Amino acid sequence: MVEVVNAVGSGFFDREFDLSVVAGDLGSIANFDPDNYPGMYIRFSEDSPLVTVYRTGKYIVTGADSVDGLHEFNEKLIGLFCDNGIIERNDVEWFEVQNLVCTTSFDKDLNLSALAIGLGLEQTEYEPEQFPGLVYRNPSLDSVILIFSTGKAVITGSSDLDEVEAASDHLVDELARLQLN
DNA sequence: TAGTGTGTTTCTTATATAGGTCGTATCC
DNA sequence: GGATACGACCTATATAAGAAACACACTA
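To convert, take the position in the first sequence, counting from 1, and add 144; that gives the working numbering.
Structure representation (structure tokens):
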């Protein structure tokens, strides 16, 4: 069972912004501090995703917990900008998912040293002194998997949920093949 | 040597995972 | 003062974006 914990997307409005003015128009939900970072942050509520908007019209949405939620939030953002006269509907050029961070569990403790050997040392990085997880990069997958001794794992780097599930299935198969699961 | 141009790195944000370290607080 | 407990933060992973700070190469 793969669960999305963070979905990241980026988009583009065909319009340049004076972020100081936009932040002023949006009020307390916007935060723009050019001395700290060139992007303007927008957050609708404490637990909502975060939007970073740039002068060029490009923007990033982080912190959604599903792909649908990411698109819904994007629509909410577009609505906010249109309602405040910041953009018009036809200024919306594109929006796409860039990265998914997912978790899964194999429900069994794992010997990461043995797993690193079994999966192939050229495809794994395991340095417990540096980081407790095993990093698994398989060229046939478009995701990177962090595997922990508790049997839990983090799958990241893909923009497609089907690819994430394929990566999870692949690892289940590998664990079965290696008789470590 | 100084100035200019180009390229690279860092910063920031979200998020899970887990081990280690560090600082602070509480108790004896 | 020493021992223990706890929280915060670091480590690593991916990704987008723009700006600033660098490093390096080249020309005058």
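Glycine residues also receive a C-beta, built at the ideal position from the N, C-alpha and C atoms.
Note that the structure is a prediction, hence the values are computed from the model and not measured.
Residue i and residue j closer than 7 Å at C-beta
i, j, result
"residue 199", "residue 163", "yes"
"residue 308", "residue 146", "yes"
"residue 248", "residue 302", "no"
"residue 258", "residue 268", "no"
Residue i - partner residues in DSSP beta bridges
i, result
"residue 291", "278 and 297"
"residue 240", "154"
"residue 302", "244"
"residue 269", "279"
"residue 249", "296"
Length of the line joining the Cα atoms of residue i and residue j
i, j, result
"residue 171", "residue 287", "39 Å"
"residue 231", "residue 219", "13 Å"
"residue 176", "residue 160", "15 Å"
"residue 325", "residue 316", "Unreliable positioning characterises residue 325 in this predicted model, as indicated by a pLDDT of 48, which lies under 50. A coordinate reading is not provided."
"residue 321", "residue 262", "9 Å"
"residue 207", "residue 194", "6 Å"
"residue 197", "residue 154", "10 Å"
"residue 168", "residue 149", "32 Å"
"residue 237", "residue 215", "14 Å"
"residue 300", "residue 314", "14 Å"
"residue 318", "residue 228", "53 Å"
"residue 265", "residue 290", "15 Å"
"residue 180", "residue 151", "24 Å"
Is the number of C-beta pairs between the region 275-293 and the region 251-262 that are closer than 8 Å three or more? Under the 8 Å Cβ criterion, the region 275-293 counts as touching the region 251-262, having at least three qualifying pairs.
Which runs of the beta strand (DSSP E) at least 3 residues long sit entirely within the region 146-225? Give them in chain order. Counting whole runs of 3 or more residues, the region 146-225 contains the beta strand (DSSP E) stretches 147-157, 174-176, 184-186, 194-197 and 202-208.
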